[in-house]
Structures are given as structure tokens and as C-alpha cells.
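See below for the structure under consideration.
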Amino acid sequence: MNVTIVDYQSGNISSVINSFTEVAKGKVNLEVTSDINKIKSCDKIVLPGQGSFKSCVDSLNSISGLVDTLKDFAIINKKPLLGICVGLQMFADIGYEEEETRGLGWISGKVSKIDNQKGKFKLPHIGWNEIEIQKESKIFKDIKNKSHMYFVHSYEFIPEDKSVISATTDYSSKIVCSVERDNLFGTQFHPEKSDKTGLKIIDNFLKL
Amino acid sequence: MLKNRIIPCLDVKNGRVVKGINFVELKDAGDPVEQAKIYSDGGADEICFLDITASNENRETIIDIVRKTAKACFVPLTVGGGVRTIQNITDLLLAGADKVSINTAAVKNVDFVKEASKKFGSQCIVVAIDAKKVSENKWEVFTHGGRNKTGIDAVDFAKKVEENGAGEILLTSMDKDGTKSGYDVDLLKTITNSTNIPVIASGGVGTLDHLYDGIVKGGASAVLAASIFHYGEYKIKDAKEYLNSKNVSVRLTNV
Chain A
1020 MNVTIVDYQS GNISSVINSF TEVAKGKVNL EVTSDINKIK SCDKIVLPGQ GSFKSCVDSL
1080 NSISGLVDTL KDFAIINKKP LLGICVGLQM FADIGYEEEE TRGLGWISGK VSKIDNQKGK
1140 FKLPHIGWNE IEIQKESKIF KDIKNKSHMY FVHSYEFIPE DKSVISATTD YSSKIVCSVE
1200 RDNLFGTQFH PEKSDKTGLK IIDNFLKL
Chain B
152 MLKNRIIPCL DVKNGRVVKG INFVELKDAG DPVEQAKIYS DGGADEICFL DITASNENRE
212 TIIDIVRKTA KACFVPLTVG GGVRTIQNIT DLLLAGADKV SINTAAVKNV DFVKEASKKF
272 GSQCIVVAID AKKVSENKWE VFTHGGRNKT GIDAVDFAKK VEENGAGEIL LTSMDKDGTK
332 SGYDVDLLKT ITNSTNIPVI ASGGVGTLDH LYDGIVKGGA SAVLAASIFH YGEYKIKDAK
392 EYLNSKNVSV RLTNV
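So the protein lines, in turn, are chains A and B.
Each position in the first sequence, counted from 1, maps to that position plus 1019 in our numbering.
Each position in the second sequence, counted from 1, maps to that position plus 151 in our numbering.
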């Protein structure tokens, strides 16, 4: 099996590469690339994302044909794609970080700043928080409810269709921290930084 | 609910782990990669490397250590010490660090914090503030491992780095560091109350109760300690079980 981590020059993806490499060892061919042809022909895609919503969307758009290729892969052909952090947020129609920016529009909804209740909750939301599993998800196989995952973000994805939500986490409100629809997966937390439970999620994705 | 983080810090010099008593009298003890792995297997919520001589020496050593550690530990890794340029940050992130901690360079030029957080995102920019008490409820920022006075008020500076995009503050009391007499709780409380970003408490931990004080009395989101873990007095697990027994929420792991 060939899995591609999309390298679109957006932030630090070393940890994603390290963790996937660890889990994929000897089982899966891992490629880190922005080459459209390689992306088209692979079996699964990992879409990381660090920095702001706007900077990630701009970076994706700056590589000619990339957005259409990803859409064909994940939406038209329904092949497995996992978005991590801003990689998940970009599934939305629109994001409000820095300035109003159009997202990929794969799952209707918006990405807005976490309501910190006038400073009651510190932002960014940094650290380990429990996930509350809302529906069965293929990537949560053998993951216990209330498992700890590592988060670092100030913006949250609010999908219109709540049935896509596979887990939430409690930080000032119930924040959407995982979505699944067909073969489209996204996590707001960082499985690549979430110790053994995080690596298990990666393993589940690679085994799909 | 968000858990309070326990962060063991490894001071690294010439590729080896050391812990200074008030930043002098360094003792050599251990390979940083191995030590980091022990901590992460033991339930550390993050790992922190502080390259204490980076200002003057070859940076390749720490980058190599970061590279090896990042392939073995799958929890967040913060690296500080001698981070002065965008290139320094790029090198550390590419080697596998998740966050960098900026100290002197932020004091010299707060625009550097802005530039760095804009380029890499606030999530990976930690500003390390070394503060010393100058009078009742007044602390001053020091640089160069506590050697140089700056005349800058610590509270003003903390607010300023927040405005400029820092994602976290790593706050070290220079009065307490190495003394094992506990964090400067007043300093912590003052800074956590005047900022809206997470503050990591550092400097002075000698007992598990000190960790409790940092979180509960000082309002810190995370507690950093070096020697109590490094010399085996306590394991990360001991610290977590202790805090948990006192109703402080931590991430308990089954190890």
C-alpha cells in the first residue's frame, strides 16, 4: 500500500512524518510529496496543516492542480484521506483566522475562534484533553472513550451536519475534535503527538 | 477537561544532559535521547530540551539530538537555548521539534516573536522569561541564563509577547531556580492573571507539593522540572499520582 503525506510547504510536518514512519515500518510505503501524479496514484492521503487557516489554504492553492486532485481523490473517488489539525479545518467552507478565507468546502461548516468566555479559558487550547467519542469511527478501533489526545489550536471546526462528528472534547464548550464521513477523516488533535493512543489511530488509518 | 501538563526538562551541553545549580556547577549525567525516551515512556506530557551553551557553540549537536529524539518519542518536544533567527527555528522544526522556546532574542527584539509566530504559527512559539524579584510584587526580566539585567518589567513583557503572537510563556524564577524551595508562586500568579495564554512554571521544584503549588496556587497550565526527575528522586508517574490524589487533573497513563 502507498500512503502519501502531502507536503505543501505549510508548517512543520516533521512529527507527522516521524510518527507515520514509525507505524508504517515495513508495512506501508510512505511518500512525502506534493507531486500531483504520485498523489493521484496512491491509496491513502494524509493532509497535515499547521499555522493559520489562511496560510494553509494559500499554500494548497499555490500548487497548481493540487486542490482538484485532492477533491477527486477524497470526494469523487471516496478514497481514504485523513486531515490533521488545520488539515481537518480546511474541509470547511470558510475560515475566519487572519481574514475570511474560503476552505475546500468538502464538509459544510465554518472554522471560527474558540469562545474563551472572556479569558476564562486560555488560548491556544494546548495540551492533553479527553475525547468523547460520539459515533463509531474506523480510526477509533480499540481506542477507549475518554482517551487523552494532544491538542494545540485556537480555532474550531463547526460543521453544519452534526452526523459527521465522531468525537468532541470539552474546552469552554464541546469542541469538534474528530469527523468521519465515508472515507474522509479528520482530527483536530495531533495523533502524531499523542503517544501510544495517537499511534494507534495512525495504525487504524493505515489498516483501513 | 484539559489536563495539567508535567514537563521534564533536560539541560543539554555538548550533547550531554546536565543540570545546573543556579546555572553553575554543572554535573554530567546521561544521554539526552535515552533520557527523553525514558520520560516519554514514563508518561511525560511533553519533553523540553534546553541547550544551555547554544549561544556560543556549534548548533549541530542539539539538532542531531532533536532528530534522534523525535524519531523515538511521540509526545511534543520543545527546544530552547540560543534560538535567535528564523533559520534557527526552521532547523529545529525540520529536525523534529514541535515548539521552540525563545529567550534573549525576544527580549532584544519583540518583533522577532511576531515574525516567528506569523511564519510558523503561535502554536510552536514559546517565549521563555527569566525573572528576578526586585521589590514587593515587582519582577525584572533577565537574559543570558540570568546574568544580564534588562530593566524590563516581567509583567509588561509577558503581555507584550502575548500581543506579539507567543503561544505560551515559560516562566522561570531566577531567585528560585536550582534552590529546590518551590516555584515563586507570587510571580506565577501575577503573570497568569495578567495574560491569556498558557504559562509553564519553572525554577525551584524540590518536592511534588511544589508542582501542586505551581498549578493550584500559581495558575500554571503546565509545570516544568528538571532535577527531581533527572536524579531519580521521583518518577513522572509519582508526580501524576500525587497530583491526581490531590484532585489536580492530569493525564494518567498505564505505565
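No residue lacks a Cβ here, since even glycine has one placed at the ideal position from N, Cα and C.
Source: prediction; values computed, not measured.
{"Query": "Do residue 1176 of chain A and residue 1111 of chain A have their beta-carbon atoms positioned less than 9 Å apart in this structure?", "Result": "yes"}
{"Query": "On the DSSP bridge assignment, give the partners of residue 202 of chain B in chain order.", "Result": "B:163"}
{"Query": "Alpha carbon to alpha carbon, what distance is there between residue 199 of chain B and residue 989 of chain A?", "Result": "Not covered by the structure: residue 989 of chain A. The range shown for chain A is 1020 to 1227."}
{"Query": "Would you check if the distance between the CB atom of residue 1063 of chain A and the CB atom of residue 1021 of chain A is smaller than 9 Å?", "Result": "yes"}
{"Query": "Cα-Cα, which of B:202, B:197 and B:196 is closest to residue 165 of chain B?", "Result": "B:202"}
{"Query": "Contact between the stretch 384–400 of chain B and the stretch 331–340 of chain B is defined here as three or more beta-carbon pairs at a separation below 8 Å; is this criterion met?", "Result": "no"}
{"Query": "Cβ closer than 9 Å: which chain A residues qualify as neighbours of residue 156 of chain B?", "Result": "1145, 1146 and 1147"}
{"Query": "Does the beta carbon of residue 1171 of chain A come closer than 9 Å to any beta carbon on chain B?", "Result": "yes"}
{"Query": "Flag this pair as touching only if the stretch 1178–1186 of chain A and the stretch 1069–1081 of chain A have three or more C-beta atom pairs under 8 Å; answer yes or no.", "Result": "no"}
{"Query": "When you compare the CB positions of residue 1042 of chain A and residue 1024 of chain A, do they come within less than 9 Å of one another, or not?", "Result": "no"}
{"Query": "Which residues in chain B sit within 8 Å of residue 1212 of chain A, going by Cβ to Cβ distance?", "Result": "225, 226, 227 and 249"}
{"Query": "Between the Cα of residue 275 of chain B and those of B:252, B:383 and B:157, spot the shortest distance and give me the residue it belongs to.", "Result": "B:252"}
{"Query": "Let me know the alpha helix (DSSP H) ranges lying completely inside the stretch 238–299 of chain B, each 4 residues or longer, listed in chain order.", "Result": "255–259 and 262–271"}
{"Query": "Residue 1037 of chain A versus chain B: which residues are under 8 Å apart at the beta carbon?", "Result": "221, 222, 225 and 247"}
{"Query": "Going by DSSP, which residues form a beta bridge with residue 1168 of chain A?", "Result": "A:1148"}
{"Query": "Cutting at 8 Å between CB atoms, please list the residues of its own chain near residue 311 of chain B, excluding the five before and the five after it.", "Result": "261"}
{"Query": "By Cβ distance below 6 Å, which residues in the same chain neighbour residue 1106 of chain A in space, the five residues on each side in sequence not counted?", "Result": "1066, 1067 and 1068"}
{"Query": "At the level of alpha carbons, what is the spacing between residue 1193 of chain A and residue 1044 of chain A?", "Result": "36 Å"}
{"Query": "Extract the residue ranges of the beta strand (DSSP E) inside the stretch 1055–1090 of chain A, only unbroken runs of 3 or more that lie entirely within it.", "Result": "1063–1066"}
{"Query": "Would you mind telling me which residues of chain B sit closer than 9 Å to residue 1219 of chain A, beta carbon to beta carbon, in chain order?", "Result": "Near residue 1219 of chain A there are no residues of chain B at all, since even the closest Cβ is about 11 Å away, more than 9 Å."}
{"Query": "Tell me, please, whether the stretch 1116–1124 of chain A touches the stretch 1150–1167 of chain A by the rule of three or more beta-carbon pairs shorter than 8 Å.", "Result": "no"}
{"Query": "So, at 6 Å on beta carbons, what are the nonlocal neighbours of residue 279 of chain B in its own chain, with the 5 sequence-adjacent residues on each side left out?", "Result": "231, 252, 254 and 321"}
{"Query": "Which residues, in order along the stretch 256–274 of chain B, keep a beta-carbon less than 7 Å from a beta-carbon of chain A?", "Result": "271, 272, 273 and 274"}
{"Query": "Going along the stretch 370–402 of chain B in order, which residues come within less than 8 Å of chain A, judged by CB to CB distance?", "Result": "372, 373 and 402"}
{"Query": "Is the Cβ-Cβ distance between residue 210 of chain B and residue 239 of chain B less than 9 Å?", "Result": "yes"}
{"Query": "Closest to residue 369 of chain B by C-alpha separation, out of B:360, B:352 and B:378, would be which residue?", "Result": "B:352"}
{"Query": "Could you check how far apart the C-beta atoms of residue 1033 of chain A and residue 244 of chain B are, in whole angstroms? I think they sit under 8 Å.", "Result": "6 Å"}
{"Query": "Going by alpha carbons, who is nearest to residue 1130 of chain A out of A:1047, A:1212 and A:1076?", "Result": "A:1076"}
{"Query": "So with CB distances below 8 Å, who are the chain A contacts of residue 348 of chain B?", "Result": "1141, 1142 and 1143"}
{"Query": "Which value, in whole angstroms, describes the spacing of the CA atoms of residue 1061 of chain A and residue 314 of chain B?", "Result": "43 Å"}
{"Query": "Closest to residue 282 of chain B by CA distance: which of B:241, B:270 and B:296 is it?", "Result": "B:296"}
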